[in-house]
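Asks: Structure incoming, see below.
Written out as structure tokens, the structure is:
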């Protein structure tokens with residue numbers, strides 16, 4: 001399968017569409033986004049020729065029967081004689097799509113197609129969008145398990161918390177292929193990479209930094225876990241009711257677990273009070289942080305305000321007080337963009353037929369991504385561009401090596 005952008009239709013095709021629609025001007029006449037999306041952004045492309053009856057007899061019957069019989073006798077041959085080991089299912093239920101929220105499976109498809117072409121463009125990995133018309137955890141898990149024989153990996157996308165945690169965990173337990181919730185782990189990998197370089201720029205080790213995360217959803221929880229794994233000095237996470245701490249009685253099971261390994265300082269109260277003296281702010285909530293709270297952070301602080309389209313702290317404000325500023329937007333330096341992580345992570349996992357994606361593989365991805373910056377490190381360059389051609393190969397190689405080291409590689 002080739003993931004490719006479909007060219008907008010010609011003017012004559014637009015006129016034809018207008019006539020079929022009773023004379024109404026097509027949407028793409030007004031907005032180039034609609035023009036680009038007309039007909040979808042992907043297509044299926046054969047990798048072998050079917051030019052004559054001999055080609056047909058090999059690609060389909062009777063030749064295909066030999067391959068089917070061989071796989072039936074030795075199931076592991078499916079990796080060698082089908083596309084399984086080079087294709088990922090991009091699965092969503094449409095409940096947490098970008099900044100749009102619960103818009104349903106059909107409306108999520110343009111995003112899932114976009115994700116698939118990013119897999120292909122940046123990692124050379126084929127991907128298939130699968131939007132499920134169900135939101136029940138059991139139904140999603142059972143559906144993906146039944147689809148799994150066709151795929152080498154599963155990328156969970158835009159599934160709302162806290163269901164996303166249980167869905168990922170249960171699929172990882174039942175499947176022997178990588179299952180990866182990008183909203184969690186992709187964000188965490190890129191955040192850690194940027195933070196490593198920010199710390200290197202300032203001459204401080206991670207172990208001396210105290211971070212505060214705004215948002216205890218999928219991304220916030222995953223970032224906290226990864227920062228702890230990487231050796232952060234301390235990290236506190238805040239939700240709408242304040243800092244997640246052991247003394248709160250309103251915590252969900254996920255947040256209670258979060259409280260068990262974060263906030264060693266025992267901070268209570270609001271997000272903004274927790275920022276006083278903090279070295280790092282990481283925003284994945286979509287809220288707003290006041291300027292006085294940012295000003296109360298430690299000297300030389302880092303502000304990663306990643307909400308889109310409106311960062312929790314506007315870069316102009318953040319730059320008054322912070323040594324390094326990052327956002328989730330492409331129109332400011334230091335964009336924390338998941339596309340820096342997931343194509344290479346899956347490419348590396350598929351390359352060695354990994355049975356799962358481990359914490360070590362994610363940490364290796366973050367280290368490799370940070371290393372791409374190298375000697376060009378600067379306050380406005382702590383993370384490489386998604387269009388840096390060194391990124392995917394570096395992440396792929398690091399993930400593959402980590403999979404072999406951790407014993408989850410099968411070739």
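Numbering (UniProt numbering), first residue to last: 1 to 411.
Each residue gets a CB set at the ideal place from its N, CA and C atoms; glycine is no exception.
1. Alpha carbon to alpha carbon, what distance is there between residue 30 and residue 153?
2. Do the region 249–267 and the region 173–186 meet, that is, are 3 or more Cβ pairs less than 8 Å apart?
3. How many Å lie between residue 369 and residue 337 at the Cα?
4. Between residue 206 and residue 232, which are expected to be in contact by the criterion C-beta below 8 Å, what is the C-beta distance as a whole number of angstroms?
5. Should residue 279 go down as buried or exposed, given a rule of 16 or more other Cβ atoms within 10 Å for buried?
6. Pull the bridge partners of residue 155 from the DSSP assignment, please.
7. Round the Cβ separation of residue 187 and residue 238 to the nearest angstrom and send it over; I've been treating them as touching at under 8 Å.
8. Work out the CA separation of residue 137 and residue 163 for me, nearest whole Å.
9. For the candidate residues 309, 140, 320 and 342, whose alpha-carbon lies nearest to that of residue 291?
10. Should residue 329 be labelled buried (16 or more other beta-carbon atoms within 10 Å of its own) or exposed?
11. From residue 405 to residue 346, what does the alpha carbon distance come to, in whole angstroms?
12. Give me the Cα-Cα distance between residue 21 and residue 32, rounded to the nearest whole angstrom.
13. I need the boundaries of the beta strand (DSSP E) containing residue 283, first residue and last residue.
14. Provide the residue(s) that pair with residue 412 in DSSP beta bridges, ordered along the chain.
15. According to DSSP, is residue 33 part of a helix, a strand, or is it coil?
16. Going by DSSP in three states, residue 242 sits in which element: helix, strand or coil?
17. In three-state DSSP terms, what is residue 388?
18. So residue 145 is in the alpha helix (DSSP H); what residue range does that whole segment cover?
Replies: Walking through what the data contain:
1. Counting from 1 along the chain shown, the entry for residue 153 is found at position 153. Counting from 1 along the chain shown, the entry for residue 30 is found at position 30. Spanning the two alpha carbons is a distance of roughly 38 Å.
2. no
3. Numbered from its first residue, the chain shown carries residue 369 at position 369. Numbered from its first residue, the chain shown carries residue 337 at position 337. Computed Cα separation, rounded: 12 Å.
4. Here residue 206 refers to the residue found at position 206 when the chain shown is read from its first residue. Here residue 232 refers to the residue found at position 232 when the chain shown is read from its first residue. Between residue 206 and residue 232 a beta carbon distance of about 5 Å is seen, short of the 8 Å cut, so the two are scored as contacting.
5. As a working note, residue 279 is residue 279 in the chain shown. Counting Cβ neighbours within 10 Å, residue 279 comes out buried, since at least 16 surround it.
6. Here residue 155 is taken as the residue at index 155 of the chain shown, counted from 1. Residue 155 is bridged to 90 and 180.
7. For this step, residue 187 is matched to residue 187 along the chain shown. For this step, residue 238 is matched to residue 238 along the chain shown. Not really, about 17 Å apart at Cβ, beyond 8 Å.
8. If you number the chain shown from 1, residue 163 lands on position 163. If you number the chain shown from 1, residue 137 lands on position 137. Approximately 7 Å between the Cα atoms of the pair.
9. For the purposes of this step, residue 291 is taken as residue 291 along the chain shown, with counting starting at 1. Comparing Cα positions, the closest option is 320.
10. Taking the first residue of the chain shown as position 1, residue 329 is located at position 329. With 16 or more Cβ atoms within 10 Å of its Cβ, residue 329 is classed as buried.
11. Here residue 405 refers to the residue found at position 405 when the chain shown is read from its first residue. Here residue 346 refers to the residue found at position 346 when the chain shown is read from its first residue. If I take the Cα positions, the gap works out to 17 Å.
12. Here the question's residue 21 lines up with position 21 in the chain shown. Here the question's residue 32 lines up with position 32 in the chain shown. Low confidence applies to residue 21: its pLDDT is 46, below 50, so where it sits in the model is not reliable enough to give any reading.
13. Here the question's residue 283 lines up with position 283 in the chain shown. Taken as a continuous stretch (DSSP letters only), the beta strand (DSSP E) holding residue 283 covers 280–283.
14. The first residue shown for the chain is 1 and the last is 411, placing residue 412 beyond what the model contains.
15. Along the chain shown, read from residue 1 onward, the residue named residue 33 stands at position 33. In this structure, residue 33 counts as helix in the three-state DSSP scheme.
16. Along the chain shown, read from residue 1 onward, the residue named residue 242 stands at position 242. Correct three-state label for residue 242: strand.
17. Against the chain shown, residue 388 aligns to sequence position 388. Reduced to three states, the DSSP call for residue 388 is coil.
18. Along the chain shown, one-based indexing puts residue 145 at 145. Run containing residue 145: 137–147, per the alpha helix (DSSP H) assignment.
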